[in-house]
Amino acid sequence: MYIPLSIFEVTLRNALCRELSAMAGRKDWYAIFPNTPGLSNLNRYITNAIKQISGRHEQITPPKVIAELTLGFWGSLLNSEYERILWKDLHRAFPFMPKNKRQRKNVSAPLNRFRAFRNRVFHNESICWNMNRVTEIHNEIIEVIGWINKDMPNWLAQLDRVPAVSSDIIQIMDWKN
Numbered sequence: 054m055y056i057p058l059s060i061f062e063v064t065l066r067n068a069l070c071r072e073l074s075a076m077a078g079r080k081d082w083y084a085i086f087p088n089t090p091g092l093s094n095l096n097r098y099i100t101n102a103i104k105q106i107s108g109r110h111e112q113i114t115p116p117k118v119i120a121e122l123t124l125g126f127w128g129s130l131l132n133s134e135y136e137r138i139l140w141k142d143l144h145r146a147f148p149f150m151p152k153n154k155r156q157r158k159n160v161s162a163p164l165n166r167f168r169a170f171r172n173r174v175f176h177n178e179s180i181c182w183n184m185n186r187v188t189e190i191h192n193e194i195i196e197v198i199g200w201i202n203k204d205m206p207n208w209l210a211q212l213d214r215v216p217a218v219s220s221d222i223i224q225i226m227d228w229k230n
């Protein structure tokens, strides 16, 4: 799952960052958060990212701050509390989302599931407890990536070993799908 999750995270980050830059009219779009009513509490993520960069004695630049921001930050941008402020701009990050699904909650809910699942994977916790659920999450990740970039699922398929590994686990363990 490392490859699909990593590609998802970077694809999401880049798309949201593009729309935030367009909204703010600047590459350091996060600099407007402290003075924007309703967004100031997001500044804690920015402050933490800057502390991380400073702690490594690196120059603080927009690309470094953006790369340092967590998946939790990116997902939080789509929380209901920011819907009136951000969704009108951030929905453009999902140009291939079916029209009947184009609501913030239809992006936010899967992102929260992906974040929880990603944390399990990246902290080396077991995910093979329910291969049907792993397959569902995997398929949902591919679907959401396709909402952002219609070509990305086909590109990812060339690198993605999840379907083959899942099938092998089910067969070796003699589990019924």
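Residue numbers are given in our numbering: position 5 of the sequence shown equals residue 58, and the series is strictly consecutive. For each residue, glycine too, the CB sits at the ideal point set by N, CA and C.
Under 7 Å Cβ to Cβ from residue i, same chain only, skipping five residues before and after it: list those, please.
| i | result |
| --- | --- |
| G165 | It should be noted that the sequence gives Asn, not Gly, for residue 165. G128, listed in sequence order. |
| R168 | L124, G125 and G128 |
| N101 | none |
| E143 | A small fix is needed here, since residue 143 is Leu in this sequence, not Glu. These residues qualify, in order along the chain: L69, E72, L130 and L131. |
| I85 | A77 |
| V215 | M54, P57 and H191 |
Return the first residue and the last residue of the alpha helix (DSSP H) that residue i is part of.
| i | result |
| --- | --- |
| F86 | Element bounds for F86: n/a, residue is neither H nor E. |
| M184 | M184 to I201 |
| G108 | N96 to G108 |
| I113 | No alpha helix (DSSP H) contains I113, which DSSP labels as neither H nor E. |
| W228 | Run containing W228: none; DSSP gives neither H nor E here. |
| L268 | As displayed, the chain neither begins before 54 nor continues past 230, which places residue 268 out of reach and without an answer. |
| G125 | L124 to S129 |
Given a threshold of 16 other Cβ atoms within 10 Å of its Cβ, counted over all protein chains shown, does residue i qualify as buried or as exposed?
| i | result |
| --- | --- |
| P57 | buried |
| S161 | buried |
| I190 | buried |
| E178 | exposed |
| F149 | exposed |
| T64 | buried |
| P116 | exposed |
| A146 | buried |
| Y98 | buried |
| E111 | exposed |
| I113 | exposed |
Got a sec? Which residues, its chain only, sit under 8 Å from residue i by beta carbon, not counting five neighbours each side?
| i | result |
| --- | --- |
| Q211 | none |
| S74 | K80 and W82 |
Can you list, in chain order, the residues of its chain whose CB lies under 6 Å from that of residue i, leaving out five sequence neighbours each side?
| i | result |
| --- | --- |
| P87 | S93 and N96 |
| E193 | P163 |
At 4 residues or longer, and completely inside the segment 131-188: list those alpha helix (DSSP H) runs for me, N to C. Counting whole runs of 4 or more residues, the segment 131-188 contains the alpha helix (DSSP H) stretches 157-175.
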